[in-house]
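Whatever position you read off the sequence shown (first residue = 1), add 21 for our numbering.
We put the beta carbon where it would ideally sit given N, CA and C, even for glycine.
Structure record follows, encoded as structure tokens.
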Amino acid sequence: MFSLANRATIYDLKGLNCPLPVLKARKRLAAMRPGSRLWLETTDPLAVIDIPAFCADAGHQLIETAAVDGGHRFLVERGVVA
Numbered sequence: 022m023f024s025l026a027n028r029a030t031i032y033d034l035k036g037l038n039c040p041l042p043v044l045k046a047r048k049r050l051a052a053m054r055p056g057s058r059l060w061l062e063t064t065d066p067l068a069v070i071d072i073p074a075f076c077a078d079a080g081h082q083l084i085e086t087a088a089v090d091g092g093h094r095f096l097v098e099r100g101v102v103a
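Dropping the structure here:
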């Protein structure tokens, strides 16, 4: 089965602490087209709070969140207004 999530770019933000994962994600998403998807990979424990809040505030859609070994992955779809 084909998944749109498989077409998303992976952005490695591991090793960065708050607020850098959100700031870098904001910049990367701003350069993408609306509807594009981006996997964010983080080791920052606060990302589970910061990334969903950022998505809600910026008009992006948080598609998926997953705990992975050493951190988290977030699948974000860029919103129309960013």
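Where residue i falls, given that 16 or more other Cβ within 10 Å makes a residue buried
{"i": "ALA46", "result": "buried"}
{"i": "GLY91", "result": "exposed"}
{"i": "ALA77", "result": "exposed"}
Reduced DSSP category for residue i - H, G, I as helix; E, B as strand; rest coil
{"i": "MET22", "result": "Caution applies to MET22, whose pLDDT of 41 falls short of 50 and renders its modelled position unreliable; the value that the coordinates give is listed next. Coil."}
{"i": "LEU96", "result": "strand"}
{"i": "ARG58", "result": "strand"}
Range covered by the beta strand (DSSP E) that runs through residue i
{"i": "ALA87", "result": "82-89"}
{"i": "THR30", "result": "30-33"}
Extent of the continuous alpha helix (DSSP H) run through residue i
{"i": "VAL69", "result": "68-79"}
{"i": "ARG49", "result": "41-51"}
Candidates the options: closest to residue i by CA position
{"i": "GLY80", "options": "GLY100, LYS35, GLY36 and THR30", "result": "GLY100"}
{"i": "HIS93", "options": "CYS76, ASP78, PRO66 and ILE84", "result": "PRO66"}
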